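K.L.:
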Amino acid sequence: SAVISQKPSRDICQRGTSLTIQCQVDSQVTMMFWYRQQPGQSLTLIATANQGSEATYESGFVIDKFPISRPNLTFSTLTVSNMSPEDSSIYLCSVETSGIGSGELFFGEGSRLTVL
Amino acid sequence: GENVEQHPSTLSVQEGDSAVIKCTYSDSASNYFPWYKQELGKGPQLIIDIRSNVGEKKDQRIAVTLNKTAKHFSLHITETQPEDSAVYFCAANSWGKLQFGAGTQVVVTP
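Chains as they are written, first to last, in the numbering used here: chain F, 27 to 142; chain V, 415 to 524.
(1) Note down, in chain order, each residue of its chain lying with its Cβ closer than 6 Å to the Cβ of residue 490 of chain V, except the 5 sequence neighbours on either side.
(2) Give the interface partners of residue 68 of chain F over in chain V, defined as CB-CB distance under 8 Å, in chain order.
(3) Among all the DSSP beta bridges, which residues are the ones paired with residue 70 of chain F?
(4) Residues of chain F with CB closer than 8 Å to the CB of residue 454 of chain V, please, in chain order.
(5) Cβ closer than 7 Å: which chain F residues qualify as neighbours of residue 511 of chain V?
(6) Under a three-way DSSP split, which group does residue 34 of chain F fall into?
(7) Could you name the residues of the region 122-136 of chain F whose beta carbon sits closer than 8 Å to any beta carbon of chain V, in the order they occur along the chain?
(8) Apart from the five residues just before and just after residue 121 of chain F, which ones in its own chain have a Cβ nearer than 8 Å to its Cβ?
(9) Does the Cβ-Cβ distance between residue 80 of chain F and residue 72 of chain F come in under 8 Å?
(10) To the nearest angstrom, report how far apart residue 451 of chain V and residue 41 of chain F are at their CA atoms.
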């Protein structure tokens, strides 16, 4: 397992602004993932972030809206750009600790964003 | 791609009774099936998982069964307690990524 810390834990944002979410892991991991969980919904993968390469985005998510950084093996950031009320969600960082492709994911506590 | 369906969407049980949540998947290549518990205001917590080389796995009051032929897997919680109240998500891996079910809200009433 891994201890995953996310900041901020929650925030209220104004329409049109951007917010960067930080994810810190207590051990080095190759694969980090960012998920979105809209109110009362399931988890949807936004992108996969590997250290030293560009993030890989899922269908429906673009780099201009959700830029991601992965400067080292324990840290990543997700920015939600030019926010609208539809971006109000929980954003979750997760890591894979049991080998690439194992599927065994551990999640942070999430960052709860409300956009007014 | 993978499609995971989860039923029921809500489940209310009396304390001490059993709860069963069922999921089906579409990708026959999927070989890893985790279950997550999400309490209010928290991130999902991995509670049990099963790989395709076994049919059943148990950990105290929770168990998971897998039927690869029928492409379905289930979570069983016995002797439910109020602290089991949460949203439970099943998932299946496909092409190195997890696809999640829609979730089941479990309410355990004393």
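Glycine included, each C-beta is placed from N, C-alpha and C at the ideal position. Keep in mind it's a predicted model, so treat the numbers as computed, not measured.
P.N.:
In terms of the structure at hand:
(1) 434 and 477
(2) 503, 514, 515, 516 and 517
(3) F/62
(4) Correct list: empty, because the minimum Cβ distance to chain F is about 11 Å.
(5) 71, listed in chain order.
(6) coil
(7) 126, 127, 128, 129, 130, 131, 132, 133, 134, 135 and 136
(8) 28, 30, 51, 55, 57, 58, 59, 131 and 132
(9) no
(10) 32 Å
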